[in-house]
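Here is the structure we will look at, set down as structure tokens.
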Amino acid sequence: MRIILVGYGVVGKGVTSILTQRYNEKVKDGFNPKIVAIADIDGAVINPRGLSPEKLDAIKQKGYPISADPEFGVPGIKALDVIKEVEAEVVVEVTPVNIQTAEPAISHITQAFRTGKHVVTTNKGPLALAMPALTELAEYNNVVFRFSGTVGGGTPMLEFAKRCLIGDRILGIKGILNGTTNYILSEMSQNRVSFQDALSSAQKLGYAEREPSMDIDGFDTACKTVILANWILNQKVTLKDVDRVGIRDVTLEMLDEAAKRGNSIKLIGSIDGKNKPTVKPIEIPKTSPLCVSGVLNAVTYQCQFAAEQTIIGRGAGSIETAGAVLRDLLDIRHKLASKLLT
Ligand SMILES: NC(=O)c1ccc[n+]([C@@H]2O[C@H](COP(=O)([O-])OP(=O)(O)OC[C@H]3O[C@@H](n4cnc5c(N)ncnc54)[C@H](OP(=O)(O)O)[C@@H]3O)[C@@H](O)[C@H]2O)c1
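Each number in my numbering corresponds to the 1-based position in the sequence shown with 99 added.
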């Protein structure tokens with residue numbers, strides 16, 4: 100499988116590392132991933148015979164862009180042109196999230212669809228703003244679109260619902276979908292620190308950005324709620340349909356009152372099939388499996404037959420999220436193989 104990687108940051112490097120390891124191990128399952136191009140903001144490296152990430156890392160460490168590679172570097176070329184011109188089966192899109200315009204990812208993804216390439220992304224932006232249109236465009240172009248790493252990082256929250264709960268009817272979904280806000284609320288309730296102090300601690304530990312609005316105002320959770328609503332409950336919703344409240348106004352007094360009732364306050368994304376998706380700080384029993392602490396994420400699926408099913412795991416991380424990309428690539432390979440057989 101020939102792969103074009105767009106974005107060579109935290110997740111992009113995790114992807115090259117996992118795929119190179121697999122390629123070198125020559126795992127005998129017929130899946131031979133080969134990264135034929137990597138594009139970032141400055142240009143690209145292109146080699147139809149496959150690229151060596153070790154060399155690219157060395158170039159990056161010296162402070163040069165990857166396109167400075169003397170053998171395969173193409174400085175200045177746009178990712179859109181790489182996607183159009185380089186022969187490959189799949190584009191892996193891992194550029195930064197943008198919930199205003201979804202760019203540059205949405206253009207990369209649609210370019211890939213139009214040129215007959217399957218897409219794997221970990222970028223929530225395009226899905227939050229245009230998931231119904233993008234899934235339709237993928238179908239129209241007869242390509243596969245996968246985005247496992249957008250919800251739960253490496254934890255297979257989407258696959259768990261789609262595959263393990265197949266045949267059941269999922270009636271509702273509730274999730275702690277953002278590790279940063281969960282860390283802040285856990286710190287406040289367990290160590291009795293103020294919201295501001297818990298936020299500063301999250302920033303020092305690298306869990307929160309210097310501009311933390313995406314997390315603490317609930318946008319990140321809302322994006323993931325949109326993805327769950329579309330993919331699991333077939334609702335055609337986008338970010339503007341989510342009723343959203345962040346955690347800025349949660350106080351120590353509110354957490355104390357909740358604790359007296361045996362509850363914790365958590366930022367929960369909810370979808371129930373009847374009402375608009377919501378993101379709100381709400382009280383949940385401390386005994387609930389959904390009530391996880393620290394940076395953990397958790398989702399509970401309310402099912403017709405299997406009742407409540409909860410999946411818990413780390414919601415981010417380079418290798419974890421790259422693992423989700425690998426799962427998606429294998430899923431695409433499986434789909435292509437079964438198409439050939441039928
Ligand atoms: N990190 C995680 O644990 C995690 C988990 C789940 C999902 N995600 C999502 O995965 C995506 C990637 O995350 P990340 O942490 O890897 O981000 P990152 O470290 O900021 O890397 C982004 C990469 O995209 C490149 N880029 C920026 N604009 C571009 C453009 N116009 N064309 C081509 N490349 C461009 C950047 O190049 P420069 O460095 O040269 O600017 C960089 O190589 C994001 O959407 C994020 O929300 C991340």
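Where a beta carbon is used, it is the ideal one built from N, C-alpha and C, also for glycine.
None of these values were measured; they are calculated from a predicted model.
Within a 10 Å sphere around the beta-carbon of residue 147 sit fewer than 16 other beta-carbons, which makes this residue exposed.
Between residue 275 and residue 123, the CB-CB gap reaches or exceeds 7 Å. Contact between the region 159-169 and the region 136-143 is present: 3 or more CB-CB pairs across the two stretches fall below 8 Å. Here residue 323 is near residue 250, since their CB atoms are less than 7 Å apart. Remark: the shortest separation between the CB of residue 138 and any heavy atom of ligand 1 falls under 6 Å.
Annotation: residue 233 to residue 292 spans about 43 Å, alpha carbon to alpha carbon. Per DSSP, reduced to three states, the secondary structure at residue 151 is coil, with no helix or strand assignment. Excluding sequence positions up to five before and after residue 252, its CB lies within less than 7 Å of the CB of 413, 414, 415, 416, 419, 420 and 423, all in the same chain and listed in chain order. Relative to ligand 1, the nearest heavy atom lies less than 6 Å away from the CB of residue 203.
At a Cβ-Cβ threshold of 7 Å, residue 264 and residue 326 do not count as neighbours. Ligand 1 never approaches residue 163 closely enough for any of its heavy atoms to be under 6 Å from the residue's Cβ. Taking the Cα of residue 405 as reference, the smallest distance to any Cα among 259, 321 and 299 is reached at 259. The DSSP assignment places complete alpha helix (DSSP H) segments of no fewer than 4 residues inside the region 216-285 at 223-239, in order along the chain. Annotation: the region 307-379 contains the following complete segments of the beta strand (DSSP E) (minimum length 3 residues), in chain order: 362-370. Annotated three-state conformation of residue 292 is coil, per DSSP. Measuring C-alpha to C-alpha distances from residue 114 to each of 428, 432 and 435 identifies 428 as the nearest. Contact between the region 369-383 and the region 342-357 is present: three or more C-beta pairs spanning the two stretches fall below 8 Å. Within the same chain, and ignoring the five residues on either side of residue 285 in sequence, the residues whose Cβ sits closer than 7 Å to its Cβ are 392 and 393. Secondary structure note for residue 180: its alpha helix (DSSP H) is the uninterrupted segment 178-184.
Where residue 209 is concerned, the enclosing alpha helix (DSSP H) starts and stops at 204-213. Secondary structure of residue 124 (DSSP, three-state): helix. In the DSSP secondary-structure assignment, residue 418 is not bridged to any residue. Note on geometry: alpha-carbon atoms of residue 150 and residue 268 lie some 44 Å from one another.
Sorting 108, 187 and 278 by C-alpha distance to the C-alpha of residue 132 places 187 at the top. The continuous stretches of beta strand (DSSP E) do not include residue 107, and DSSP gives it neither H nor E. Between residue 192 and residue 135, the CB-CB gap reaches or exceeds 7 Å. Just so you know, the alpha carbons of residue 153 and residue 161 end up roughly 13 Å apart. Straight-line measurement puts the Cα of residue 219 at about 14 Å from the Cα of residue 435. Residue environment analysis places residue 210 among the buried positions, since at least 16 neighbouring C-beta atoms fall within 10 angstroms of its C-beta. Sorting 321, 279 and 334 by C-alpha distance to the C-alpha of residue 307 places 279 at the top. Taken atom to atom, the span from the alpha-carbon of residue 431 to that of residue 247 is near 12 Å. Residue 305 and residue 372 have their alpha carbons spaced roughly 36 Å apart. Residue 437 and residue 386 have their C-alpha atoms some 43 Å from each other. Counting along the chain, the unbroken beta strand (DSSP E) around residue 406 starts and ends at 406-413.
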